[in-house]
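Numbering (our numbering), first residue to last: 680 to 796.
In this text, a Cβ means the ideal position worked out from N, Cα and C, and glycines have one as well.
Computed from a predicted structure; not experimentally measured.
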């Protein structure tokens, strides 16, 4: 199959919500044309939908290396998807930290200054 055929099949799976299968076809796009940033961009969006943010960041980073025009649509998509995956990954990191850093103290009685509150 050609790049376009793999991409079209991947797009169909993506539209149907089958992101895992979409990634499979976008990776085939990358195998056929490893320097075409569109395969990386589409793969990244599917990975984001699968909450595989680290893999999405890697896909965007690689795709950005192959973009020649910073004003192009694919550059903007890759940059947007990179930022989206990065933001989601940071949210997860912050949530994990807050879950681990909460100190809970038990008391037998309230201090006098808090009794009448």
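request  = Could you tell me whether the segment 746-756 touches the segment 699-711, using the rule of 3 or more Cβ pairs below 8 Å?
outcome  = no
Beta carbon of residue 760 nearer than 8 Å to that of residue 701 = no
message = Please report the distance separating the alpha-carbon of residue 686 from that of residue 726.
response = Cα to Cα, the separation comes out at about 15 Å.
request  = Using alpha carbons as the reference points, say which of 730, 683, 787 lies closest to residue 765.
outcome  = 730
inquiry  = My parser needs the alpha helix (DSSP H) runs of 4 or more residues fully inside the segment 705-790; what are they?
reply    = 716-728, 732-744, 752-779
ask   = Which residue comes first and which comes last in the alpha helix (DSSP H) that contains residue 697?
value = No alpha helix (DSSP H) holds residue 697; DSSP gives it neither H nor E.
ask   = In the structure shown, what three-state DSSP assignment does residue 690 receive?
value = helix
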